Amino acid sequence: MLGTAALLGGCAQDDAPKSAGHAAPVSGPVQLWPDSPPWRPPSPAPEGGQAPMPLPALPRVPSGDIRKVPMLAIVQAQLDADDRLGASPYDFDQDIKNKIRNCAAKPAACPARAPEYHDLTGDGKDELIVGIAGRDLLRIWVFTVKDGLVNRIMNAGGLPRSMEVVDGKLIEYDSTAKPGYEVRTVYAWDPSQQVLVEKSTEYGRRSPSSASPGRKS
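Our numbering puts the first residue of the sequence shown at 6, with every later residue one more than the last.
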């Protein structure tokens with residue numbers, strides 16, 4: 006009995022929890038440079054496009070079908086309007102403007118990409134999406150028909166690796182200096198402003214779908 010008791014006592018002793026030593030104390034967040042003023046980034050260059058821009062020089066479109074107006078006519082009307090207002094995109098030098106105006110005569114040198122038509126406002130009618138290669142970036146313009154007039158509802162510039170339309174939203178994918186990563190920017194319709202606005206920008210690993218054949222680039 007004594008042997009059994011000693012054996013059982015030894016087992017109980019071996020199975021008892023043992024201390025792992027002192028745990029590291031939990032510390033709260035420590036602010037770095039608390040006395041420094043907050044950093045303020047420079048104001049971004051104005052892109053225009055925060056309000057719809059009508060193009061009254063173009064024919065009226067009572068049907069609301071923007072396909073009734075040729076893309077090049079819309080682009081050239083926008084160029085003329087920007088020139089009158091002194092608001093030409095900074096990436097459009099005179100050489101690029103001349104090439105745009107000569108797209109019909111010299112299509113091989115035209116910096117404008119083929120037109121894309123997708124419903125981005127949710128009204129069941131397509132908008133016109135235009136991509137124009139500027140000096141340093143791709144200029145993205147989106148046009149719609151409002152009250153019979155063609156209006157520009159988006160004016161943005163970037164270096165997209167690819168673009169696509171998903172659920173009525175325009176999504177831009179930009180490459181980064183870090184291999185395997187991308188910046189994903191989502192533009193969506195804002196009924197209160199009547200324009201497409203930047204809804205979100207995300208940085209992360211490139212998803213497998215980024216290389217899908219259906220992606221517009």
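Built from N, CA and C at the ideal position, the CB exists for glycine as well. Predicted model only: the values in this text are computed from it and were never measured.
- Separation of the CB atoms of Q81 and R106 is rounded to 6 Å, and the pair is thereby assigned contact status at 8 Å.
- A check of alpha carbon separations from Y192 across N156, V155, V147 identifies V147 as the nearest.
- Sorting P57, G129, F97 by C-alpha distance to the C-alpha of A117 places F97 at the top.
- Secondary structure of K183 (DSSP, three-state): coil.
- Excluding the 5 residues flanking it on each side, L154 has same chain C-beta neighbours closer than 8 Å at P59, L60, P61, L63, R65, V66, in chain order.
- Comparing alpha-carbon positions, the option among D128, A110, D152, P120 lying closest to I145 turns out to be P120.
- In this structure, the straight-line span from the alpha carbon of P43 to that of V35 is close to 16 Å.
- Around the C-beta of V135, 16 or more other C-beta atoms lie within 10 Å, and the residue is accordingly described as buried.
- The Cβ-Cβ distance between P94 and N156 does not fall below 9 Å.
- Between the alpha carbons of H123 and M168 lies a gap of roughly 13 Å.
- Taken through DSSP and simplified to helix, strand or coil, N107 comes out as coil.
- Here D195 carries a strand assignment [DSSP, helix/strand/coil].
- Distance check between A56 and each of P196, A182, D141 places P196 closest, using alpha-carbon atoms only.
- If you check the CB distance, I79 and K130 do not come in under 9 Å.
- The residues R189, in chain order, have a CB closer than 6 Å to that of E207 in the same chain once the five nearest residues on each side in sequence are set aside.
- With a threshold of 16 other beta carbon atoms within 10 Å, P30 falls short and is exposed.
- Annotation: the continuous beta strand (DSSP E) that includes I134 extends over 132–138.
- The C-alpha of L37 is placed about 55 Å away from the C-alpha of C108.
- For R89, the enclosing alpha helix (DSSP H) has its first and last residue at 76–90.
- The three-state secondary structure of A114, taken from DSSP, is helix.
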